[in-house]
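Numbering (the numbering used here), first residue to last: 2 to 123.
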């Protein structure tokens, strides 16, 4: 899977958190852990969307420089159109569509290779 770099944008919450910090507001702690979540319908900047729901699917705690291995689908996960990064509380930090949506069937491994998720900061 490859994520389209031009389409990774911050959520409204991510924008406001950054702006508040940059304008002298309170410091915020680095998000730890950060989770990757897959979506069958991408959320808007203000939230929403439809996260994957299917046997064997779970959000994945991620770190920089490692493959994002969601494991093997235990059933159909539908057509994945995008991925978002979330805090442990479920707030979307940023996200974007996959370059090419994929349909995940039972027994199919889902891995986003290290370095293939590219983020654009605007």
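Glycine included, each C-beta is placed from N, C-alpha and C at the ideal position. All values derive from a computational prediction rather than experimental measurement.
Next item on the list: Report the rounded CA-to-CA distance for residue 74 versus residue 30, giving the unit in angstroms.
Entry: Looking at the two C-alpha atoms, the distance is approximately 34 Å.
Item checked: Exposure of residue 6, with buried meaning 16 or more beta-carbon neighbours within 10 Å -> For residue 6, the predicted structure reports a pLDDT of 36, less than 50, and the residue's modelled location is therefore unreliable. A value from the coordinates is still provided. So residue 6 counts as exposed.
Checklist line | Three-state secondary structure assigned by DSSP to residue 78 | finding: Coil at residue 78, not helix or strand.
Check: Relative to the C-alpha of residue 33, which residue among 112, 52, 65 is closest?
Finding: Ranked by Cα distance from residue 33, the first of 112, 52, 65 is 65.
Notebook entry, point to check: If we ignore side chains and look at the alpha-carbon of each, how far apart do residue 116 and residue 27 end up?
Noted result: Looking at the backbone, the Cα of residue 116 and that of residue 27 are separated by about 32 Å.
Item checked: Option nearest residue 100 by Cα separation, candidates 43, 94, 109 -> Looking at the Cα atoms, 43 is the closest of the given residues.
Notebook entry, point to check: When we look at the beta-carbon of residue 59 and count the other beta-carbons within 10 Å, is it buried (16 or more) or exposed?
Noted result: Around the beta carbon of residue 59, fewer than 16 other beta carbons sit within 10 angstroms, so the residue counts as exposed.
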